[in-house]
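Participant: Counting in the working numbering, the sequence shown runs from 1 upward without gaps.
Beta carbons are placed, not taken as given, at the ideal position from N, Cα and C, and that holds for glycine.
Below you'll find the structure I mean.
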Amino acid sequence: MPALPPLVDQHSHGMVHGELGLGSFETHLASAAGSGAAPAGTTFFDSWAGLAVRRWCPPLLGMDPHCAPVSYLARRRELGAYQAARLLLRGAGIGTFLMESGAPNDLTSPAELAAAADGRVHEVVRLEPLAEQVADTSGTVDAFTGNTAEALYAAAQHATAFAMGIAYCDEVPPDPREVRRAAARRLAGGPARDRPFDPALAQHLLWSAVATGLPVQLHCADPQPLLGFLRATAGFGTDLVLLPERPYHRRAAQLAAAFPHVYADAGPRPEETLGEAPFGKLLFSTGARALPELYVTAARLFAHSMARLTAEWIADGVCTRSEARRITGLVAAGTAHRVYRLEAAGSGSGAGEVSG
């Protein structure tokens, strides 16, 4: 297996505080997999995600792999939530985290994640909650549009990247008059927490973020409808990173191959995406939320997928061992360091960085 450098996790959200019982742990595990609660008489530990947790996490807490879930959670409580999270995160092999911020939640802060993981955490500012906060404090359309521009500028001074959920975006910025009408409707509706954005307003936010020059993560189910936007932003000097949902990682990789400024998440099956894009266009992420175990399982599954894939390539004469190490290093960390302009390991703190 090619040795992995400390991974750069380009997309995560932080962890829950406090102890978790079997029910609450399974709820978070199911949520991470995009599933509802397990039916009565069954358990979500009987799933791919559950098997991965039972395989990779118990040894980090001093237990045998595949121990019973109740035994694992008992050990977790015995250690205490913070110590368990500390052991899990520090055993995951992740050195740098890009943590999404902005939405109100009860998850750990970047500083708390950095301390527990003994790593570096860089902030990725989510655009929707940023605009919601501005709307809550702006009484007029003029105030909203002006305050939004100021908030974006201020965020760009400390953030490593912006992020937004977007299904479609036109090839040109929306007409300012339509943006004002959309802003007026937004303000007339009262507090806007978690209310979907009008397309004109959403696209205005996205185009404004692109204008800052910071990398922008595009969270999308299927990235194909963004083709026109990707084409239109070529030459702007702003890198765009596609983070699609399954099963669209292959398509995202194809789009990354088509445009110099577009990158894509390697996804849970790098053997699919590495066949569609240059290796320096793909990046690792966990997408972890709430459970420190999810950082561990995503990192382990990525490492084993890359090891299997590169072993096949070496055996077939497709590449040498040194080339396999270089390719693995690009996807694991190297490309993220370049795209997100991260400081090299051991250097001083960069923009948006919190060190453990």
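1. Ignore the nearest five residues each way along the sequence and tell me which others in P244's own chain have a CB closer than 6 Å to its CB.
2. DSSP state of P58, grouped into three classes?
3. Let me know the secondary structure DSSP gives G95 once reduced to three states.
4. Measure the C-alpha to C-alpha separation of G346 and M99 and round it to an integer number of angstroms.
5. Which same chain residues, not among the five before or five after F45, have their C-beta less than 8 Å away from its C-beta?
6. Can you look up D106 in the DSSP assignment and give me helix, strand or coil?
7. Answer yes or no: do A149 and V216 have a C-beta to C-beta separation smaller than 8 Å?
8. Taking DSSP's pairing of strands, which residues face H219 in a bridge?
9. How many angstroms separate the CA atom of L152 from the CA atom of E312?
10. Roughly how many angstroms separate the alpha carbons of G62 and E19, rounded to a whole number?
11. If you draw a straight line from the C-alpha of E78 to the C-alpha of E271, how long is it?
12. How would you call Q83, buried or exposed, if buried means at least 16 neighbouring beta carbons within 10 angstroms?
13. Label V318 either buried or exposed according to how many other C-beta atoms from any shown protein chain fall within 10 Å of its C-beta, with 16 as the threshold for buried.
14. So A143 is in the alpha helix (DSSP H); what residue range does that whole segment cover?
15. Which one of G14, W48, M15, G41 has the shortest CA to CA distance from P268?
16. Rounded to whole angstroms, what's the CA-CA distance from S138 to A209? Just pull it up for me.
17. By the 10 Å Cβ neighbour count, where 16 or more other Cβ atoms means buried, how is P174 classified, buried or exposed?
18. Whole angstroms is fine: what's the gap from L187's alpha carbon to E178's?
19. Assign E171 to buried or exposed, taking buried as 16 or more other Cβ atoms, counted over all protein chains shown, within 10 Å of its Cβ.
20. From this set, F284, A277, A307, which residue's C-alpha is nearest A266's C-alpha?
21. If we ignore side chains and look at the alpha-carbon of each, how far apart do A40 and S71 end up?
22. Mind checking whether A277 and A303 have CB atoms under 8 Å apart?
23. So, are the CB atoms of S355 and A114 less than 8 Å apart?
24. What's the C-alpha gap between C169 and A32?
Facilitator: This is what the structure gives:
1. C220, P223, A252
2. helix
3. strand
4. In this predicted model, G346 has a pLDDT of only 38, less than 50, meaning its place in the structure is not dependable; the value taken from the coordinates is given anyway. Rounded to the nearest whole angstrom, the CA to CA distance from G346 to M99 is 20 Å.
5. So the qualifying residues of the chain are E26, L29, L51, V53, R54, P69.
6. coil
7. no
8. G165, L243
9. 46 Å
10. 18 Å
11. 39 Å
12. exposed
13. exposed
14. Start and end: 141-156.
15. W48
16. 20 Å
17. buried
18. Roughly 14 Å between the two C-alpha positions.
19. Counting Cβ neighbours within 10 Å, E171 comes out exposed, since fewer than 16 surround it.
20. F284
21. 21 Å
22. With contacts defined as CB atoms closer than 8 Å, A277 and A303 fail to qualify as a contacting pair.
23. yes
24. Going by C-alpha positions, C169 is about 27 Å away from A32.
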